[in-house]
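J.:
Numbering (the working numbering), first residue to last: 80 to 270.
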């Protein structure tokens, strides 16, 4: 309940930066982690963890030997994550800085990137820039996972985002829709 209230207060303060009306569902978090095959990943990056719904699932599913960190631009969400998940390394910074933080952790690339970023709230140029940095940060065969809302994926912005992913990644798969507010599905993109 506290998580939902915190999330709603941030939506009211920053509607264009949050891009959602409620935290992601547990079912969506379980789906994205299942599709990410985290047991095989050595380096995992989470972008836009928000209140930590995906974070919790990632930490439970990943190998103890994996290196994990998250980038979150909302200071309130960073403080929430520091309290609720003190074992997680969360930086208050933009997803654009992914390369800097990989180097800080001693890595050139990562195996998995899981994103809770509000893609529909970004201008197309910002989407392009972020997707290019995400693609460049992955090892060959690495996975980028993000979600989209159904049926918003059929609107022009949703279609252009899918085309952007398809133009950059070797493979882009779409999962079935899961219960969420609104209903959502996961894009699984392989470099």
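Just so you know, even glycine gets a beta-carbon here, dropped at the ideal spot from N, CA and C.
Using the Cα positions of residue 184 and residue 168, report the straight-line distance between them to the nearest angstrom.
T.: Cα to Cα, residue 184 sits roughly 11 Å from residue 168.
J.: Output the distance between the C-alpha atoms of residue 201 and residue 208, rounded to the nearest integer angstrom.
T.: Each residue's Cα considered, the two are about 11 Å apart.
J.: When DSSP labels each residue in this structure, what does residue 134 get in the three-state scheme?
T.: Three-state result, residue 134: helix.
J.: Note the first and the last residue of the continuous beta strand (DSSP E) segment covering residue 263.
T.: Here the beta strand (DSSP E) through residue 263 covers 263 to 269.
J.: Do the CB positions of residue 221 and residue 270 come within less than 8 Å of each other?
T.: In contact: residue 221 and residue 270 (Cβ atoms closer than 8 Å).
J.: Cα separation between residue 105 and residue 186?
T.: Going from the Cα of residue 105 to the Cα of residue 186 covers about 30 Å.
J.: Which ranges would you report for the alpha helix (DSSP H) in the segment 190 to 215 if only whole runs of at least 4 residues count?
T.: DSSP runs (the alpha helix (DSSP H)) wholly in the segment 190 to 215: none.
J.: So what does residue 150 bridge to, in DSSP terms?
T.: Beta-bridge pairing links residue 150 to 126, 170.
J.: In terms of residues, what are the limits of the beta strand (DSSP E) holding residue 105?
T.: No beta strand (DSSP E) holds residue 105; the alpha helix (DSSP H) holding it covers 105 to 115.
J.: For residue 101, which three-state DSSP category applies?
T.: Note that residue 101 has pLDDT 49, beneath the 50 cutoff, so the model's placement of it is unreliable and the number below is only indicative. If DSSP states are grouped into helix, strand and coil, residue 101 belongs with coil.
J.: CA-CA distance, residue 172 and residue 255?
T.: Rounded to whole angstroms, residue 172 to residue 255 spans 32 Å at the Cα level.
J.: List the DSSP bridge partners of residue 225.
T.: According to DSSP, residue 225 bridges with 266.
J.: Between which two residues does the beta strand (DSSP E) holding residue 121 run?
T.: Note, residue 121: premise wrong, no beta strand (DSSP E); not H, not E.
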